[in-house]
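Numbering (this note's numbering), first residue to last: 164 to 486.
What follows is the structure, encoded as structure tokens:
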């Protein structure tokens with residue numbers, strides 16, 4: 164018989180965590196504590212009328228998983244003797260030592276990791292294109308109008324687009340670093356402004372930018388808007404770019420950084436690099452005035468501008484002897 168006991172506080176969060184481990188997990192209280200248990204159960208010292216029942220139940224387990232909350236229902240922490248946190252911890256420790264039962268901390272498997280899309284070719288090289296809303300194709304009628312699709316079709320290469328609206332350079336670089344990029348692949352990293360970031364909150368990756376804060380003003384209490392202009396974020400953004408550079412170099416992949424919507428501070432750090440392309444005018448900063456047309460949202464570049472992007476990127480790839 165194998166019995167996993169998930170222990171924590173008297174709330175719905177304990178049930179949620181237990182059911183992530185085993186959907187068939189059930190609560191043990193005074194009503195069923197004397198039953199023969201198997202599989203996964205969950206309980207707390209508040210669900211049982213005596214410490215002895217809690218102790219005896221734990222002693223039957225083959226594994227104990229501690230799913231402790233940050234704030235317990237009695238509003239006390241482990242430093243408070245005889246608090247829920249203190250009592251639970253002491254009896255878990257006591258039982259585990261006496262009966263040699265392994266104890267694990269709960270790992271939340273409900274975290275929604277954004278797994279990058281798979282590569283499209285296992286027999287040859289392919290194209291990878293990462294970026295923000297422009298690379299995603301916001302404002303276009305069809306994905307076929309995107310510069311990534313145009314480029315892939317013209318180069319006759321299978322391609323994968325790693326892009327989301329409102330996303331940051333850190334997010335785009337993270338997607339590339341998790342992808343199945345191989346030697347000979349071509350990697351296009353479309354750079355947006357450095358004053359963007361991502362923040363995981365309530366099971367969601369939030370893309371932080373000025374538009375996000377306009378829609379979610381209370382988020383300023385979680386991550387201050389001023390952080391988007393901080394030296395810390397700029398430093399981390401440059402680290403992300405350099406990580407992708409090193410990653411591609413080690414793999415033998417061909418990287419091109421493209422200034423889709425970059426700012427002058429970011430460009431000044433990489434403008435002299437051979438793998439960097441200024442796509443708008445001479446300095447790349449006045450990009451909105453360089454659009455040939457606009458998409459249906461009157462905000463993002465339209466199909467003619469995407470054609471221009473594809474053409475300019477293709478010429479740069481030839482210049483670098485990538486194609």
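Virtual Cβ for every residue (Gly too), placed ideally from N, Cα, C. Treat the numbers as computed from the prediction; the structure is a model and nothing was measured.
Per-residue DSSP class, three states only, for residue i
i           : result
residue 365 : coil
residue 181 : helix
residue 380 : helix
residue 437 : coil
residue 245 : coil
residue 291 : strand
residue 370 : strand
residue 388 : helix
residue 189 : strand
residue 428 : helix
residue 464 : strand
residue 420 : strand
residue 267 : strand
residue 457 : strand
residue 226 : strand
residue 360 : strand
residue 345 : coil
residue 395 : helix
residue 415 : coil
residue 485 : coil
residue 408 : helix
residue 477 : helix
residue 470 : helix
residue 196 : coil
residue 318 : helix
residue 280 : coil
residue 402 : helix
residue 215 : helix
residue 442 : coil
residue 239 : coil
residue 286 : coil
Limits of the alpha helix (DSSP H) - the one that residue i falls within
i           : result
residue 349 : First-last for residue 349: 349-354, but that is the beta strand (DSSP E), not the alpha helix (DSSP H).
residue 307 : Looking at the DSSP string, residue 307 is not in any alpha helix (DSSP H), and its letter there is neither H nor E.
residue 173 : Run containing residue 173: none; DSSP gives neither H nor E here.
residue 338 : 332-340
residue 298 : 296-299
Beta strand (DSSP E) segment containing residue i, residue limits
i           : result
residue 322 : 322-326
residue 203 : 202-206
residue 168 : 166-170
residue 233 : Counting along the chain, residue 233 falls outside any beta strand (DSSP E), and DSSP gives it neither H nor E.
Integer Cβ distance of residue i from residue j, believed to fall under 8 Å
i           : j           : result
residue 315 : residue 462 : So it is not a contact: roughly 25 Å between Cβ atoms.
residue 336 : residue 406 : 6 Å
residue 456 : residue 468 : 6 Å
residue 440 : residue 476 : 7 Å
residue 332 : residue 403 : 6 Å
residue 167 : residue 224 : 7 Å
residue 206 : residue 170 : 6 Å
residue 424 : residue 355 : 5 Å
residue 351 : residue 421 : 6 Å
residue 269 : residue 365 : Not confirmed; about 18 Å, so no contact.
residue 208 : residue 177 : No, residue 208 and residue 177 are not in contact; Cβ-Cβ is about 12 Å, not under 8 Å.
Neighbour flag for residue i against chain C, beta carbons, 8 Å
i           : result
residue 258 : Note that chain C does not occur in the displayed structure, where there is just one protein chain.
### Message
Closer than 8 Å is the cut-off here; do at least three beta carbon pairs connect the region 379-390 with the region 404-421?
### Response
no
### Query
Is the region 299-310 close to the region 336-349, with three or more CB pairs under 8 Å?
no
### Task
Could you tell me whether the region 195-205 touches the region 284-296, where touching means 3 or more Cβ pairs closer than 8 Å?
no
### Query
Any chance the region 317-326 sits against the region 367-379, with 3 or more Cβ pairs inside 8 Å?
no
### Query
Is the region 294-301 close to the region 249-266, with three or more CB pairs under 8 Å?
no
### Query
Three or more C-beta pairs closer than 8 Å, one from the region 386-400 and one from the region 358-369: is that the case here?
yes
### Task
Please determine if the region 189-200 and the region 228-243 are in contact, where contact requires at least 3 C-beta pairs separated by less than 8 Å.
no
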